[in-house]
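Data first, discussion second: the structure below is written as structure tokens.
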Amino acid sequence: MVFSRESGTPQLHKPPWKWVWLILASGVLGLIAVYVSWDSIADPFPTHWNARGEADAFSDKTWANMFGMFGLITGILAIVVAASFGLMYQHAKNARGEDWQVARTRATSNAMLNPLGKWIFVLNAVIVADNYLSVTQKYSFVGLLIAVVIIVVALLLWEMARVQKWLDTHYPDPKTSKHMKWGMFYYNPKDPNMMVHRDLNSTFNMAHRGSWVVMGALLGIPIIVVAVVIIFA
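As numbered in our numbering, residues 543 to 775 make up the sequence shown, in order.
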């Protein structure tokens, strides 16, 4: 993605609602694929596969179950993206403060919404495709699905970091931008605060020892839980 700096205060762009519609469309395409393959789907059909690639949970072959399987995650992700678009756009539209604050808030909305929608769409498409392959028993490997989801999320975070780095270069925050590392991490040994407010959220001050303790707990606990589930599944 190529970003360009607008002179002065940037014009606020409308949210790219196409991504919400594409997320919904991918869920609908999954249901259409199920309809086409309906006669070849087992009854009951597999709904969960363990770490060894064996089906260990089944549901009756009904359209209610199919809508639940394909429509639930699609609907949730579409709502998350739509809500994120709406909140960020309204925040930028009603931005107040100094000229640099208004300019940065608008630039943040303009630059972040499109990659957010794009990668959530890709994530939903991957999940829908895996659901279809599971239902039709063509192929299902939970390890591969987890790996692909992790890659997609990592790409989303990488692109968000690129956007943040671009913002810090072209629409800098006088307080925090000069202390940002790789567009993601705030590092300021002279700041005694462990948390620092930044744009739409707060971030850890990685020069503070407490930040490493909290980050270790936040990342370590889910990793341990997932590892235990995979090992004993």
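Every residue, glycine too, gets a C-beta built ideally from N, C-alpha and C.
Quick caveat: nothing in here was measured; it's all calculated off a predicted structure.
Euclidean distance between Cα positions of residue i and residue j
| i | j | result |
| --- | --- | --- |
| Lys-556 | Ala-649 | 12 Å |
| Asn-652 | Ala-671 | 30 Å |
| His-750 | Asp-715 | 20 Å |
| Ala-645 | Met-702 | 18 Å |
| Leu-698 | Asn-636 | 27 Å |
| Lys-603 | Gly-617 | 21 Å |
| Ser-676 | Lys-732 | 53 Å |
| Glu-640 | Leu-554 | 16 Å |
| Trp-561 | Phe-600 | 32 Å |
| Ala-696 | Gly-758 | 18 Å |
| Pro-588 | Trp-580 | 14 Å |
| Gln-643 | Ile-621 | 28 Å |
| Thr-745 | Trp-700 | 16 Å |
| Phe-727 | Ala-567 | 36 Å |
| Trp-661 | Gly-610 | 23 Å |
| Val-777 | Pro-734 | For the chain, the structure presents residues 543 to 775; residue 777 sits outside this window and is missing. |
| Leu-709 | Met-630 | 15 Å |
| Gly-752 | Ser-626 | 30 Å |
| Ser-679 | Ile-574 | Here residue 679 is Gln; the residue named in the question, Ser, does not match the sequence. So the alpha carbons of these two residues sit roughly 17 Å apart. |
| His-563 | Gln-632 | In the sequence as displayed, the identity of residue 563 is Trp instead of His. Trp-563 and Gln-632: Cα-Cα distance of roughly 20 Å. |
| Phe-663 | Asp-585 | 30 Å |
| Arg-638 | Ile-766 | 43 Å |
| Gly-628 | Ile-763 | 32 Å |
| Lys-707 | Leu-686 | 31 Å |
DSSP beta-bridge partners of residue i
| i | result |
| --- | --- |
| Trp-591 | Ala-597 |
| Tyr-728 | Met-722, Asn-747 |
| Met-737 | Phe-746 |
Whole-angstrom C-beta distance between residue j and residue i, which should lie under 8 Å
| i | j | result |
| --- | --- | --- |
| Gly-613 | Gly-659 | Their Cβ separation, rounded to whole angstroms, is 19 Å, which puts Gly-613 and Gly-659 out of contact at 8 Å. |
| Val-578 | Met-608 | Rounded, the Cβ-Cβ distance is 12 Å, inconsistent with contact. |
| Ile-583 | Leu-619 | About 24 Å separates the two Cβ atoms, so there is no contact after all. |
| Lys-723 | Tyr-729 | 5 Å |
| Thr-718 | Val-738 | 6 Å |
| Ala-634 | Thr-647 | 5 Å |
Residue j beta carbon less than 8 Å from that of residue i
| i | j | result |
| --- | --- | --- |
| Met-654 | Val-705 | yes |
| Val-623 | Leu-665 | no |
| Pro-552 | Asn-656 | no |
| Ile-615 | Ile-669 | yes |
| Ala-597 | Trp-591 | yes |
| Tyr-713 | Gly-572 | no |
Any non-hydrogen atom of the ligand MG within 7 Å of residue i CB
| i | result |
| --- | --- |
| Ile-766 | What this structure holds is no ligand at all, so the ligand MG is not there to describe. |
Could you pull out every unbroken alpha helix (DSSP H) segment of at least 4 residues lying fully inside the stretch 629-709, listed in chain order? 641-677
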